[in-house]
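A.B. asks:
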Amino acid sequence: MVWLTQWLRGNIKQARILIVTDRRELDAQIQGVFEGIGEDLYRADSKKDLLSVLVENKKFLVGALVHKFDDNDLEDLKKQPVLKEWIVLVDECHRTQSAKLHKAMKSLLPNAIFIAFSSMPLLKQDKKTSQEVFGDYIHCYKFNEAVSDKVVLDLNYEARSVDQYVSSPEKLDEYFELKTQGLNETAKTELKKKWVNLQKVFSTKDRLARIVQDIVLDMAKLPRLRNGKGNAMLVAESVYNACRYFELFLETELKDKVAVITSYEPNIADLKDCGSDESEESC
Numbered sequence: 001m002v003w004l005t006q007w008l009r010g011n012i013k014q015a016r017i018l019i020v021t022d023r024r025e026l027d028a029q030i031q032g033v034f035e036g037i038g039e040d041l042y043r044a045d046s047k048k049d050l051l052s053v054l055v056e057n058k059k060f061l062v063g064a065l066v067h068k069f070d071d072n073d074l075e076d077l078k079k080q081p082v083l084k085e086w087i088v089l090v091d092e093c094h095r096t097q098s099a100k101l102h103k104a105m106k107s108l109l110p111n112a113i114f115i116a117f118s119s120m121p122l123l124k125q126d127k128k129t130s131q132e133v134f135g136d137y138i139h140c141y142k143f144n145e146a147v148s149d150k151v152v153l154d155l156n157y158e159a160r161s162v163d164q165y166v167s168s169p170e171k172l173d174e175y176f177e178l179k180t181q182g183l184n185e186t187a188k189t190e191l192k193k194k195w196v197n198l199q200k201v202f203s204t205k206d207r208l209a210r211i212v213q214d215i216v217l218d219m220a221k222l223p224r225l226r227n228g229k230g231n232a233m234l235v236a237e238s239v240y241n242a243c244r245y246f247e248l249f250l251e252t253e254l255k256d257k258v259a260v261i262t263s264y265e266p267n268i269a270d271l272k273d274c275g276s277d278e279s280e281e282s283c
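Counting from 1, one number per residue, gives the positions in the sequence shown under UniProt numbering.
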């Protein structure tokens, strides 16, 4: 995005660029990146401010949340559009760009050129939606290319089902043997000291508790995790479940080594689906 912006400045006379995001944190992060290369990005702080900046057409680089294109004003926007030829760079285009806010943005800027960015691997249904909204791909940087360039590490997938090992004591013992394959007797003996407590947890009906203890066992077994040189990340399906996992970890030997990380602010709006138009304050 930064490189494209610099190219546009150097190759398109009087280029005007609007960068649209859907999170305050991301908006501020992008501003910091541009300031790092000496570019002044103006962040619109209200709907009125954004409209004024777009109409004046004087600032080269402007940032705004998509929620400032309020869909409640859609009909008014169609009557008084901004006819200037802005170039709109939409970050995280797989979110918040397939419903009313996107329509409101295009109604306000009918002559704009829209270029979308996403670093998120898209599911098939999301891929189709993104192309319907923004058109064909300009460039794709695929995961295997990033691995080849050593930008990221390759992904090793291991199918894991904790539930299947809790139906009987025999299954629990089998699970222990599977988890400790390759360990010497000394290491196995150390893990067996914890196994009595683990058996109690694995015999409960609480699936989250079993998952936590499965991770605790991995932390004690795998060399890179055991020697403190590695970290682990557990992605929960909701903020609520993340907090439940955290409480369960506090009851284990990892209690001083866990934390919940989320980009959400603690208010009611954050309980809504992060992909919906209402996921960020619209003022």
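We put the beta carbon where it would ideally sit given N, CA and C, even for glycine.
Everything numeric in this text was worked out from a predicted model, so none of it was measured.
#1: Can you check which of these residues, 54, 8, 15, 66, is closest to residue 24 by C-alpha distance?
#2: Measuring straight from C-alpha to C-alpha, what distance separates residue 180 and residue 157?
#3: Taking the C-alpha atoms as reference points, what is the distance between residue 152 and residue 3?
#4: Say the cut is 7 Å; is the CB of residue 22 nearer than that to a heavy atom of the ligand ATP?
#5: Should residue 84 and residue 54 be called a contact, given that it needs their Cβ atoms to be closer than 8 Å?
#6: Once you ignore the five residues that flank residue 37 on each side, which residues in its own chain have a CB closer than 8 Å to its CB?
#7: State the DSSP-derived secondary structure class of residue 249, mapped to helix, strand or coil.
#8: Just to confirm my understanding: we take residue 59, look at its own chain, exclude 5 residues before and 5 after, and list those with CB closer than 8 Å. What are they?
#9: Could you check whether residue 191 and residue 248 sit closer than 8 Å to each other, using their CB atoms as the reference points?
#10: Quick check on DSSP: helix, strand or coil for residue 114?
#11: Rounded to whole angstroms, what is the Cα-Cα separation between residue 18 and residue 212?
#12: Pull up the DSSP beta-bridge partners for residue 64, would you.
#13: Compute the Euclidean distance between the alpha carbons of residue 61 and residue 227, then round it to the nearest angstrom.
C.D. replies: Looking at the atomic coordinates:
#1: Looking at the Cα atoms, 66 is the closest of the given residues.
#2: Our two residues, residue 180 and residue 157, have alpha carbons roughly 19 Å apart in a direct line.
#3: So the alpha carbons of these two residues sit roughly 21 Å apart.
#4: In the structure on display, the ligand ATP does not appear, and there are no ligands present to speak of.
#5: With contacts defined by Cβ atoms closer than 8 Å, residue 84 and residue 54 form a contacting pair.
#6: Only 2, 6 meet the Cβ criterion.
#7: The three-state reading of DSSP puts residue 249 in helix, counting H, G and I together.
#8: Exclusion of the five residues before and after residue 59 leaves 16, 42, 53 as the residues of its chain whose Cβ lies within less than 8 Å of its Cβ.
#9: No. Outside cutoff.
#10: Residue state for residue 114 is assigned as strand, using DSSP reduced to three classes.
#11: Near 44 Å, if we compare the C-alpha coordinates of residue 212 and residue 18.
#12: Bridge partners of residue 64: 20.
#13: About 48 Å.
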